[in-house]
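Please read the structure below before turning to the comments.
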Amino acid sequence: MDFLIDSFMSAILLAFSLDRELISIVAVSLKVSSSSTLIASLTGIPIGFLIASESFRGKQMLITCLNTLLALPTVVIGLFVYALISRRGIFGPFDLLYTQKAIIIGQALLIIPVVTTFTIAAISRIDNRYRQTAMTLGANRIQTAFVIIREARFGIVAAVIAAFGRVIAEVGISMMLGGNAKGFTRTMTTAMALEYDKGEFTLAIALGIVLLSLSFGINLLFHFFQGRTGD
Amino acid sequence: MLYKLADITKKYENKTVLNINSLDIEKGRIYGLLGPNGAGKTTLLKILGFLEKPESGDIFYNSALVSLSEAFLQPLRKSVVMVNQRPILFTTTVYKNLEFGLKIRKIPKQKRKNIIEEALEVVGMTHLSQAKAHKLSGGETQRVALARAIALSPEVILCDEPTSSIDLENQTIIINLLKQINENRGISIIFTTHDKLQAASLAHNTLFLDQGRLSSDSYENLFSGNITKEAGGLSVCTIQNSVQIKTGTDKSGTVRLLIDPEKIYLAGVEDKKNNGESIITGKIVHITAENGKIRIIIRSGINIAILMPEAYYKSRRPMIGEDVSIIIPPESIRIL
Chain A
9 MDFLIDSFMS AILLAFSLDR ELISIVAVSL KVSSSSTLIA SLTGIPIGFL
59 IASESFRGKQ MLITCLNTLL ALPTVVIGLF VYALISRRGI FGPFDLLYTQ
109 KAIIIGQALL IIPVVTTFTI AAISRIDNRY RQTAMTLGAN RIQTAFVIIR
159 EARFGIVAAV IAAFGRVIAE VGISMMLGGN AKGFTRTMTT AMALEYDKGE
209 FTLAIALGIV LLSLSFGINL LFHFFQGRTG D
Chain B
8 MLYKLADITK KYENKTVLNI NSLDIEKGRI YGLLGPNGAG KTTLLKILGF
58 LEKPESGDIF YNSALVSLSE AFLQPLRKSV VMVNQRPILF TTTVYKNLEF
108 GLKIRKIPKQ KRKNIIEEAL EVVGMTHLSQ AKAHKLSGGE TQRVALARAI
158 ALSPEVILCD EPTSSIDLEN QTIIINLLKQ INENRGISII FTTHDKLQAA
208 SLAHNTLFLD QGRLSSDSYE NLFSGNITKE AGGLSVCTIQ NSVQIKTGTD
258 KSGTVRLLID PEKIYLAGVE DKKNNGESII TGKIVHITAE NGKIRIIIRS
308 GINIAILMPE AYYKSRRPMI GEDVSIIIPP ESIRIL
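Protein chains in written order, with my numbering: chain A, 9 to 239; chain B, 8 to 343.
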């Protein structure tokens, strides 16, 4: 028990000492997670908007499939992307394996269904009169779409925050596709796994504190936006 | 001619909700579109606002045939604005709500400001310019929605039940506003209502819609009832389990019944009871003047309207609150 308390105290000191290694790991994590969230948002929000606002055959089935993808294990995506970008894969010549780009691709694939399904839910909740009002005021299709997305903004921001929360805490993709290279592809979660293997708990716990603080902040933001309807 | 509709039909889930053979709407006038719930009034309004496409038929707008492709309809919408029964304002300020349509029309910023201020002044909402639009009351929302339409200087404003969801004070304000917009700006106004009195007080022309079709009937005194045969072969229609009217028809069962308000008259002491006529007693609750005629509403379990010549009214002088008997002759009744 003492060793845990000692590790914890050392970790707090480390977390607040602005240790270079710790900052580098946090920076890599934030960079890859922000990039993957951005890509997933640029893809998932328009897809979610289209699915929510158009009527087509198989719509419900598609939503069910997207909901299923929410539970996709990170290691499955890791394996899938690995097969594509490894030397023998079709994207092998691009030399993506064990790079930050590889992690970003994997993480984006993980959270596109998250952003899409949350966007579908947010858009579906929007009163159809917004669409009709925008149209009667002279808006074209794109301007009308922006009105609807604007009205659903709190739900969509909540989708993006939830997606970021998912990738910042994942370990499978970062480990399998990033390779945990120090100063390059070492993220908070992969670093923690490594430190655990080494029996060095101070850095692991310090990273855990940073990760938990980030998650707490993200969740606060998530609930703030999810609870808002424009008040 | 502002609009000319020919053989327009509209279906929802294989059910025909609108079937209009011919309809002409003139420029610069106020049209009241009257009819019971589900008559197709809102659907017609959406078609006139180019927000819905009919299944068949032709629409002429300003004498030009309207193509039903989106590329053609979207520019047309810039000259026709529809205000919903329960208008929705964007979740931003009142000012930005009015600015939306102007920005789309690429009006310069300073000009936008002037137009918005003027439109808000017309509806008496200048003081709420920076207020959050979704926090306004029903009446205020309706007025801002109207200002948002006025700001765009459209050729036509379509109002769906403009006063149905607001208080009496705001109802009067809205009705006066619509008159003012029409008179001062020459904007044509088409509004739906199921209130005959409102239509009569506001509209230059009244159109009657029932089950998706235009009708020459006024659809005042339209009731659902059940016809049964009484002793002596008389057929009697019971309306809302309270009022019984002799119909002189062979039909029986559940029917829709229309009583011509111009053929009902007040019973006098000299009137002899005719066996085929119905005499109903009730209280006068409303008297209004309308194009040289007087409309009296009598409450007798149901509200029955009578339309009488002014001279007859002056000779009888019925008063609000007075208990009267009315005579409904069988020839005033039509079974639909």
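Ideal Cβ positions, reconstructed from N, Cα and C, are used throughout, including at glycine.
With 16 other Cβ atoms within 10 Å as the buried cut-off, status of residue i
i, result
"B:Val331", "buried"
"B:Ala210", "buried"
"B:Ala238", "exposed"
"B:Leu41", "buried"
"B:Lys113", "exposed"
"B:Gln205", "buried"
"A:Tyr204", "exposed"
"B:Lys48", "buried"
"B:Val292", "exposed"
"B:Val101", "buried"
"A:Ile98", "exposed"
"A:Ala91", "exposed"
"B:Phe198", "buried"
"B:Glu77", "exposed"
"A:Gln108", "buried"
"A:Asp239", "Only weak support is given to the placement of A:Asp239: the predicted model assigns it a pLDDT of 47, under 50, and the value that follows is read from those uncertain coordinates. Label assigned to A:Asp239: exposed."
"B:Pro169", "buried"
"B:Ile188", "buried"
"A:Phe209", "buried"
"B:Tyr19", "exposed"
"B:Val58", "According to the sequence shown, residue 58 of chain B is Leu rather than Val. B:Leu58 should be labelled buried."
"A:Ser49", "buried"
Residues that residue i contacts on chain A, provided the C-beta gap is smaller than 7 Å
i, result
"B:Leu25", "Result: empty, since nearest Cβ-Cβ is about 17 Å, beyond 7 Å."
Within chain B, partners of residue i - CB distance below 8 Å
i, result
"A:Gly159", "Before going further, note that residue 159 of chain A is Glu rather than Gly in the sequence given. Those are Phe97 and Thr98, listed as they occur along chain B."
"A:Val122", "Under the 8 Å cutoff, chain B gives no residues; its nearest Cβ is about 25 Å from A:Val122."
"A:Asp135", "Ile95"
CB-CB length for residue i against residue j, believed under 8 Å
i, j, result
"A:Ile157", "A:Phe57", "6 Å"
"B:Val151", "B:Leu96", "6 Å"
"A:Pro121", "A:Leu78", "6 Å"
"A:Ser41", "A:Ile176", "4 Å"
"B:Asn44", "B:Gly219", "Going by Cβ atoms, the distance from B:Asn44 to B:Gly219 rounds to 13 Å, so no, they are not a contact pair."
"A:Ala116", "A:Ile47", "4 Å"
"A:Gly100", "A:Ala130", "Not really, about 39 Å apart at Cβ, beyond 8 Å."
"B:Ala158", "B:Ala138", "Rounded, the Cβ-Cβ distance is 16 Å, inconsistent with contact."
"B:Ile309", "B:Ile301", "That pair is no contact at about 20 Å."
"B:Leu30", "B:Leu221", "6 Å"
"B:Ser259", "B:Ile287", "With a Cβ gap of about 21 Å, B:Ser259 and B:Ile287 do not count as contacting."
"B:Pro337", "B:Gly283", "5 Å"
"B:Leu109", "B:Arg119", "5 Å"
"A:Val123", "A:Ala160", "With 8 Å as the limit, A:Val123 and A:Ala160 do not qualify as a contact, their Cβ atoms being about 13 Å apart."
Proximity of residue i and residue j at Cβ, strictly below 8 Å
i, j, result
"B:Leu196", "B:Leu153", "The question names Leu, but residue 196 of chain B is Ile in the sequence shown. No, Cβ-Cβ distance for B:Ile196 and B:Leu153 is not below 8 Å."
"B:Pro161", "B:Val87", "yes"
"A:Ile119", "A:Ser37", "no"
"A:Ile169", "A:Phe102", "no"
"B:Ile342", "B:Leu264", "yes"
"A:Leu74", "A:Thr127", "no"
"B:Ser307", "B:Val262", "no"
"B:Gly56", "B:Thr16", "no"
"B:Ile246", "B:Ser285", "no"
"B:Ile266", "B:Ser339", "yes"
"B:Asn177", "B:Gln149", "yes"
"A:Gly180", "A:Val83", "yes"
"A:Ala23", "A:Val218", "yes"
"B:Leu143", "B:Ile123", "no"
"A:Ser94", "A:Leu80", "no"
"A:Met183", "A:Ala201", "yes"
"B:Ile271", "B:Ile333", "yes"
Chain-ordered neighbours of residue i on chain B, where CB pairs are closer than 9 Å
i, result
"A:Val155", "Phe97 and Phe107"
Chain-ordered chain B contacts of residue i [CB-CB under 7 Å]
i, result
"A:Asp205", "Per Cβ cutoff of 7 Å: no residues; A:Asp205 is ~51 Å from chain B at best."
Within chain A, the residues that residue i reaches when beta carbons sit closer than 8 Å
i, result
"B:Leu58", "Gln140, Met143 and Thr144"
Neighbour list for residue i in chain A, Cβ cutoff strictly below 9 Å
i, result
"B:Gln81", "Met143, Gly146, Ala147, Asn148 and Arg149"
Practice problem: Using a Cβ-Cβ cut-off of less than 7 Å, give me the residues of the region 104-138 of chain B that come near chain A, in sequence order. | Solution: Against chain A - using a Cβ distance shorter than 7 Å - the residues of the region 104-138 of chain B are Phe107, Gly108, Ile111 and Arg112.
Self-check item: Cβ-based contacts, 9 Å cut-off: residues of the region 138-151 of chain A near chain B
Solution: Residues passing the 9 Å Cβ filter: Tyr138, Gln140, Thr141, Ala142, Met143, Thr144, Leu145, Gly146, Ala147, Asn148, Arg149 and Gln151.
Quiz item: If contact means a Cβ-Cβ distance below 7 Å, which residues of the region 83-95 of chain B contact chain A?
Solution: Legend: CB atoms of the region 83-95 of chain B lying less than 7 Å from CB atoms of chain A belong to residues Arg84, Lys85, Val88, Met89, Asn91 and Ile95.
Quiz prompt | Proximal residues, the region 144-160 of chain B versus chain A, C-beta separation under 9 Å | solution = For the region 144-160 of chain B, which is checked against every Cβ of chain A, the residues closer than 9 Å are Ala152, Arg155, Ala156 and Leu159.
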